[in-house]
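Enquirer: Using my numbering, count along the sequence shown one by one with no gaps and you end on 81.
Have a look at this one.
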Amino acid sequence: MTDFEDRVRRMARETIRELGRNPDEIADVIEPPGADYCVITFADPEHKPIEISKPLGAGETQELDEIRRALQYRFPT
Numbered sequence: 005m006t007d008f009e010d011r012v013r014r015m016a017r018e019t020i021r022e023l024g025r026n027p028d029e030i031a032d033v034i035e036p037p038g039a040d041y042c043v044i045t046f047a048d049p050e051h052k053p054i055e056i057s058k059p060l061g062a063g064e065t066q067e068l069d070e071i072r073r074a075l076q077y078r079f080p081t
């Protein structure tokens, strides 16, 4: 597991919990070899995977914002 995968996994689980959903809905977070993004997959096959780009030179705040927007779009409250 890369540092980026670990950060995205942690942030995605925290964000989905903030949205009032079960973090176990996230099946996996993977960074394909040589890729500059992570793919968040879900336990429910009806939910399509989400790609989160690795921000160039940005910190965790930008990553968290992108993850939050993507999950809010996928799971509207």
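Heads up, the beta-carbon is just placed ideally off N, CA and C, and yes, glycines get one too.
All figures in this text were calculated on a predicted structure; none of them were measured in a lab.
(1) Any chance you could list the alpha helix (DSSP H) runs of at least 4 consecutive residues sitting entirely within the region 7–32, in chain order?
(2) By the three-class DSSP mapping on this structure, what secondary structure does T65 have?
(3) Please list the terminal residues of the continuous beta strand (DSSP E) segment that includes E55.
(4) Less than 8 angstroms between the CB atoms is what I'm expecting for C2 and F79, so what's the real figure, rounded?
(5) With T3 as the anchor, note down where its beta strand (DSSP E) starts and where it stops.
(6) Please report the Cβ distance between D28 and T45, rounded to the nearest whole angstrom; I am assuming they are in contact, meaning their Cβ atoms lie under 8 angstroms.
(7) Please say whether V12 and E55 have beta carbons closer to each other than 8 angstroms?
Expert: Reading it off the structure:
(1) 7–22
(2) helix
(3) I54 to S57
(4) The first residue shown for the chain is 5 and the last is 81, placing residue 2 beyond what the model contains.
(5) Here the chain covers residues 5 to 81 and nothing more, so residue 3 does not appear.
(6) The pair is not a contact, with the Cβ atoms about 13 angstroms apart (cut-off 8 angstroms).
(7) It is not a contact, given that the beta carbons lie outside the stated cut-off.
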